[in-house]
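Participant: Got a structure for you, written out below as structure tokens; questions coming shortly.
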Amino acid sequence: MKKLFGIFLLLIFTVTGCHNYTPRPYGYFRIDLPNHAYRQFDNAYPYSFDMSAYAADSVVHAKGEEYWINIYYPKLNGCIYISYKPVHNNLQAISEDCRRFVYKHVIKAEAITERRFVNPQAKVYGILYDLRGDVASPLQFMLTDSVHHVVRGALYFNDVPNQDSIAPVLAYVRKDVLKMIETFHWNKP
């Protein structure tokens, strides 16, 4: 009886011990990011700023709109879409429209933080929106002189939104966007 019980225990341990599966987390490719370097964007637009030397800018020809640009990061598979609106006593409506674009992501966002920027010498006032979670656009901003101009920017990656996989690239581009905002100035009143 003891022998049979011992064989039974050995069989149970063998069956349960050999099929112990431990799931492994997904790994992501290592991305070697270059050191930050900047060049000035000044294209006879009503605004200029310092942008990444590793990004390419292209003019957007949208019907009825002007001074729109896209700033592509070809090696990072991302783009900052920048749109421009002149203010004609409608700053409140334009600001609310920009805010509405940001808060469309509230369905997927875990948190949305707002960081205000004020540069009275350059007459640049704005908000940087940092969206946490698996959102399509993790970083957006709006800049204005509060009288004549509004510029809106949104960062998108050409990939499925996954905050873990894009975290290093997002941190890299966030520094570029902060540099863009800090060096932003208006060329025309």
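Per this note's numbering, the sequence shown starts with residue 87, numbered consecutively.
Positions of the beta carbon are idealized from the N, C-alpha and C atoms, including for glycine.
1. Between which residues of its own chain and Trp154 is the CB-CB distance below 7 Å, once the five residues before and five after are set aside?
2. In the DSSP assignment, find the unbroken beta strand (DSSP E) run with Met228 in it and report its ends.
3. Mind checking whether Asp220 and Arg260 have CB atoms under 9 Å apart?
4. Ends of the alpha helix (DSSP H) at Ala265?
5. Within 8 Å, do at least three Cβ pairs link the stretch 173 to 180 to the stretch 232 to 242?
6. For His235, which three-state DSSP category applies?
7. Please classify Met137: is it buried, with 16 or more other beta-carbons within 10 angstroms of its beta-carbon, or exposed?
8. In this structure, what does DSSP give as the bridge partners for Glu200?
Facilitator: So, from the listed chains and residues:
1. Here residue 154 is taken as the residue at index 68 of the sequence shown, counted from 1. Only Val146, Ala148, Ile168, Ser169, Tyr170 meet the Cβ criterion.
2. Taking the sequence shown and counting its residues from 1, the one referred to as residue 228 is at position 142. Per DSSP, Met228 belongs to the beta strand (DSSP E) from 225 to 230.
3. Indexing the sequence shown from 1 puts residue 220 at position 134. Indexing the sequence shown from 1 puts residue 260 at position 174. Between Asp220 and Arg260, the CB-CB gap reaches or exceeds 9 Å.
4. Taking the first residue of the sequence shown as position 1, residue 265 is located at position 179. The sequence shown places Lys at residue 265, rather than the Ala named in the question. Note, Lys265: alpha helix (DSSP H), 249 to 268.
5. Three or more beta-carbon pairs separated by less than 8 Å link the stretch 232 to 242 to the stretch 173 to 180, which places the two stretches in contact.
6. Working through the sequence shown from its first residue, we reach residue 235 at position 149. His235: strand per DSSP, three-state reduction.
7. Along the sequence shown, one-based indexing puts residue 137 at 51. Buried is the label assigned to Met137, since at least 16 other Cβ atoms lie within 10 Å of its Cβ.
8. For the purposes of this step, residue 200 is taken as the residue at position 114 of the sequence shown. Glu200 is bridged to Tyr215.
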